[in-house]
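**Q**
Residue numbers (the working numbering): 1 to 251.
#1: Could you check if residue 155 is buried or exposed, using at least 16 other CB atoms within 10 Å of its CB as the buried criterion?
#2: I need the straight-line Cα distance from residue 196 to residue 93, nearest angstrom please.
#3: Check each candidate in 49, 41, 26, 6 and name the one with the smallest Cα separation from residue 193.
#4: Let me know the secondary structure DSSP gives residue 25 once reduced to three states.
#5: If you drop the 5 nearest sequence neighbours on each side, which residues of the same chain put their C-beta closer than 7 Å to that of residue 12?
#6: Whose CA, out of 44, 53, 170, 81, lies closest to the CA of residue 7?
#7: How many angstroms separate the CA atom of residue 165 from the CA atom of residue 150?
#8: At what residue ranges does the segment 58 to 103 contain a whole run of the alpha helix (DSSP H), taking only runs of 4 or more?
#9: Buried or exposed for residue 153, please, with buried defined as at least 16 other CB atoms from any protein chain shown within 10 angstroms of its CB.
#10: In the structure shown, what three-state DSSP assignment does residue 42 receive?
#11: What separation, rounded to the nearest whole angstrom, lies between the Cα atoms of residue 205 and residue 21?
#12: Comparing C-alpha positions only, which one of 99, 41, 125, 121 sits nearest to residue 180?
#13: Relative to the C-alpha of residue 132, which candidate in 169, 140, 147 has its C-alpha closest?
#14: How big is the Cα-Cα spacing for residue 71 and residue 140?
#15: On the CB-based measure, 16 or more other CB atoms within 10 Å of its CB, does residue 5 come out buried or exposed?
#16: Is it buried or exposed, residue 106, if we count other Cβ atoms within 10 angstroms and call 16 or more buried?
#17: Among 101, 91, 162, which has the Cα closest to the Cα of residue 116?
#18: Assuming residue 144 contacts residue 88 under a Cβ cut-off of 8 Å, what Cβ separation, rounded to an integer in Å, is found between them?
#19: Using a threshold of 9 Å, state whether the C-beta atoms of residue 61 and residue 95 are closer than that.
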């Protein structure tokens with residue numbers, strides 16, 4: 001956690017900025033950011049970098065910052081242990097959100113990461129026979145996308161071989177998507193997430209500008225309303241003043 005006052009304040013400020021930029025709940029955002037940062041050992045000054053990656057990943061996929069950040073809490077510790085970078089994890093989830101919902105995407109990725117972190121005897125024997133380096137070291141060295149592509153190439157895309165490596169069909173759906181229909185999308189998103197510096201500030205600026213425009217519009221509408229009311233009431237007020245004048249003259 002971030003127990004020192006300065007570090008805690010920095011994370012809190014970053015959480016507030018991300019929550020404002022994404023119309024999210026500040027407490028939920030802070031909780032998710034803290035969990036992600038702890039999983040990857042990110043220090044307080046890195047909060048904006050994590051925030052920027054979340055913003056871009058959500059923009060590139062069919063998910064929201066809130067949903068994406070919350071889902072990362074469930075998978076980030078596994079990913080970090082398996083040698084999968086946060087940029088890769090977010091990009092994979094974002095790419096998969098194009099063909100399944102976010103929770104299904106995370107469930108599939110959790111299956112892949114669990115198999116990597118604790119491979120069974122059958123998985124290790126299958127990997128060895130096919131010349132696959134089935135380890136976190138290989139994933140960290142190659143990157144998740146290239147490692148998965150290598151696995152697919154060496155298994156020939158065989159569902160039987162893939163099942164021995166990763167397990168249930170629900171897990172394989174994500175693997176096949178990331179190495180097939182969503183492979184190009186994954187690569188594109190990964191490039192943007194990796195180079196996402198300033199994304200939170202840009203998103204916050206747009207929200208702030210929109211809020212300013214809305215306030216200005218509201219003020220203008222109130223002024224127009226007052227003018228309209230004045231135009232309607234002015235003749236009546238003039239007529240009433242005339243009555244008072246006549247009454248005073250009669251006295």
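Using N, Cα and C, we set each Cβ at its ideal position, and we do this for glycine too.
**A** A quick look at the data gives this:
#1: Position 155 of the chain shown, counted from the start, is the residue given in the question as residue 155. The residue is buried, with at least 16 neighbouring Cβ atoms inside 10 Å.
#2: For the purposes of this step, residue 196 is taken as the residue at position 196 of the chain shown. For the purposes of this step, residue 93 is taken as the residue at position 93 of the chain shown. Cα to Cα, residue 196 sits roughly 16 Å from residue 93.
#3: What you label residue 193 is simply residue 193 of the chain shown in a count that begins at 1. For the residues 49, 41, 26, 6, the minimum Cα distance to residue 193 belongs to 49.
#4: Here residue 25 refers to the residue found at position 25 of the chain shown. Residue 25: coil per DSSP, three-state reduction.
#5: The count along the chain shown starts at 1 and reaches residue 12 at position 12. These residues qualify, in order along the chain: 30.
#6: What you label residue 7 is simply residue 7 of the chain shown in a count that begins at 1. When only C-alpha atoms are compared, the closest one is 44.
#7: The count along the chain shown starts at 1 and reaches residue 165 at position 165. The count along the chain shown starts at 1 and reaches residue 150 at position 150. Using only the alpha carbons, I get a separation of about 13 Å.
#8: 65 to 81, 86 to 96
#9: Counting from 1 along the chain shown, the entry for residue 153 is found at position 153. Classification of residue 153: exposed, given that the 10 Å Cβ count is below 16.
#10: Taking the first residue of the chain shown as 1, we reach residue 42 at position 42. Coil at residue 42, not helix or strand.
#11: Taking the chain shown and counting its residues from 1, the one referred to as residue 205 is at position 205. Taking the chain shown and counting its residues from 1, the one referred to as residue 21 is at position 21. Answer to the nearest angstrom: the Cα atoms are 8 Å apart.
#12: In the chain shown, counting from the first residue as 1, residue 180 sits at position 180. The shortest Cα separation from residue 180 among 99, 41, 125, 121 belongs to 99.
#13: As a position in the chain shown, residue 132 is number 132, starting the count at 1. Measuring from the Cα of residue 132, the nearest candidate turns out to be 147.
#14: Counting from 1 along the chain shown, the entry for residue 71 is found at position 71. Counting from 1 along the chain shown, the entry for residue 140 is found at position 140. Using only the alpha carbons, I get a separation of about 22 Å.
#15: Along the chain shown, read from residue 1 onward, the residue named residue 5 stands at position 5. Residue 5 is exposed by the Cβ-count criterion.
#16: For the purposes of this step, residue 106 is taken as residue 106 along the chain shown, with counting starting at 1. The residue in question, residue 106, is buried, as its Cβ has 16 or more Cβ neighbours within 10 Å.
#17: For the purposes of this step, residue 116 is taken as the residue at position 116 of the chain shown. Answer by Cα proximity: 162.
#18: Residue numbering aside, residue 144 sits at position 144 when the chain shown is read from its first letter. Residue numbering aside, residue 88 sits at position 88 when the chain shown is read from its first letter. Sure, about 4 Å apart at Cβ, within 8 Å.
#19: Sequence index remark: in the chain shown, residue 61 carries index 61 (1-based). Sequence index remark: in the chain shown, residue 95 carries index 95 (1-based). It is a contact, given that the beta carbons lie within the stated cut-off.
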